[in-house]
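Okay, structure first, notes after.
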Amino acid sequence: MRDYQRRDGIMYLRVEGKGDKIRFLPVSIEAQLRIAEYLESAGHGEDLKGPLFRPVKNNATGTLAKPLHPASVYREIEAVLRQAGGDYSRRARLLRA
């Protein structure tokens, strides 16, 4: 949750990239609304020290108060890009940068 923050009146996601480089990505109004709906539904919006996006099930340990694995996030983004059509591999490379 600490990686979803307001800076100068704008909501940002703090993202750690290659070489431990920190980037701040602005969050669109539509994405902010969806994140707010997600947090209300998931019920962990007040857990400021916990992860923003968490698994909905964990067959191995049952623990849900942990971050999603980066590979899982990448697979989901890739699936959405495929549904959107076009050259998803180029878009996916941009997401990894």
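For the numbering used here, count along the sequence shown from 1 and bump the result up by 457. Every residue, glycine too, gets a C-beta built ideally from N, C-alpha and C.
Out of the options, point me to the one whose CA is closest to residue i's CA.
i      : options                        : result
Ile486 : Asn516, Glu494, Pro527         : Glu494
Gly466 : Lys475, Asp460, Pro483         : Pro483
Asp460 : Gly476, Lys514, Asp504, Leu490 : Asp504
For the putative contact between residue i and residue j, defined by C-beta atoms under 8 Å, what is the C-beta separation to the nearest angstrom?
i      : j      : result
Leu521 : Arg511 : 6 Å
Met458 : Gln489 : Met458 to Gln489, Cβ: 14 Å. No contact.
Pro508 : Pro527 : About 12 Å; that fails the 8 Å criterion.
Counting only the same chain and skipping the five closest in sequence on each side, list residues whose C-beta sits under 7 Å from that of residue i.
i      : result
Arg480 : Val472, Gly474
Along the beta strand (DSSP E) that carries residue i, what are the first and last residues, could you check?
i      : result
Pro483 : 479-483
Arg463 : 461-464
Val472 : 467-473
Grab the span of the alpha helix (DSSP H) containing residue i for me, first residue to last.
i      : result
Leu525 : Segment: none, Leu525 is in no alpha helix (DSSP H) and carries neither H nor E.
Leu442 : No information on residue 442 is available, as it lies outside the stretch 458 to 554 that the chain covers here.
Arg491 : 486-499
Cutting at 6 Å between CB atoms, please list the residues of its own chain near residue i, excluding the five before and the five after it.
i      : result
Leu496 : Gly502
Enumerate in chain order the residues of its own chain whose CB-to-CB distance from residue i is below 8 Å, with the five nearest sequence positions on each side excluded.
i      : result
Lys506 : Met458, Arg459
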